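Structure first, then comments.
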Amino acid sequence: MLEARDLYCERDERTLFRGLSFTVEAGEWVQVTGGNGAGKTTLLRLLTGLARPDGGEVYWQGEPLRRVRDSFHRSLLWIGHQPGIKSRLTARENLHFFHPGDGARLPEALAQAGLAGFED
Numbered sequence: 001m002l003e004a005r006d007l008y009c010e011r012d013e014r015t016l017f018r019g020l021s022f023t024v025e026a027g028e029w030v031q032v033t034g035g036n037g038a039g040k041t042t043l044l045r046l047l048t049g050l051a052r053p054d055g056g057e058v059y060w061q062g063e064p065l066r067r068v069r070d071s072f073h074r075s076l077l078w079i080g081h082q083p084g085i086k087s088r089l090t091a092r093e094n095l096h097f098f099h100p101g102d103g104a105r106l107p108e109a110l111a112q113a114g115l116a117g118f119e120d
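Numbering-wise, the UniProt record's numbering puts 81 at position 81 of the sequence shown, and it's gapless, one number per residue.
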């Protein structure tokens, strides 16, 4: 279980959030949304122990994250917001970059993705 208790965070003399508390149970998914500068990345950095909150505490399995950070990191899966497609590569090159397997199957994969005819 991951728990945020009364998190407070300020950046550049601006309060991003105050009194933020929630619990994420095993098996639950969380999606963090908001406009530019709302504090999404900052919150994720706090929840992963990459930054410390100005107030409050993050807990992992009932223990303060700052004390169990290494074991927490071994169990962490992070799916970031950066696009996986490389704009300078062709569709064929993108597929090969992420799955450098049998090139003979690339046309089939492109067709399944609706990209037949856009290989190059």
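All C-beta atoms in this analysis are idealised placements derived from N, C-alpha and C, irrespective of residue type, glycine included.
In this text the structure is predicted, and so the values were computed from the model without any measurement.
{"Check": "With 16 other Cβ atoms within 10 Å as the buried cut-off, status of Gly19", "Outcome": "exposed"}
{"Check": "DSSP bridge partner residues for Pro64 (one or two, in chain order)", "Outcome": "Tyr59"}
{"Check": "Cutoff 7 Å; reference Leu115; Cβ partners in own chain excluding five residues on either side", "Outcome": "Ala91"}
{"Check": "Whole-number beta carbon distance between Glu3 and Thr33, since they are thought to touch under 8 Å", "Outcome": "Contact flag wrong, Cβ pair sits at about 21 Å."}
{"Check": "Start-to-end residues for the alpha helix (DSSP H) that takes in Arg14", "Outcome": "Careful: Arg14 lies outside any alpha helix (DSSP H), inside the beta strand (DSSP E) at Arg14 to Val24."}
{"Check": "Three-state class that DSSP yields for Glu28 in the structure shown", "Outcome": "coil"}
{"Check": "Arg52, enclosing alpha helix (DSSP H) - first and last residue", "Outcome": "Where Arg52 is concerned, there is no enclosing alpha helix (DSSP H), given that its DSSP letter is neither H nor E."}
{"Check": "Buried versus exposed, by CB contacts within 10 Å (16 or more), Gly35", "Outcome": "exposed"}
{"Check": "Expected contact under 8 Å - CB spacing of Gly62 and Leu7 to nearest Å", "Outcome": "The Cβ separation is near 17 Å, so there is no contact."}
{"Check": "Asp6 - DSSP class collapsed to helix/strand/coil", "Outcome": "strand"}
{"Check": "Alpha carbon of Arg67 to alpha carbon of Leu76, nearest angstrom", "Outcome": "16 Å"}
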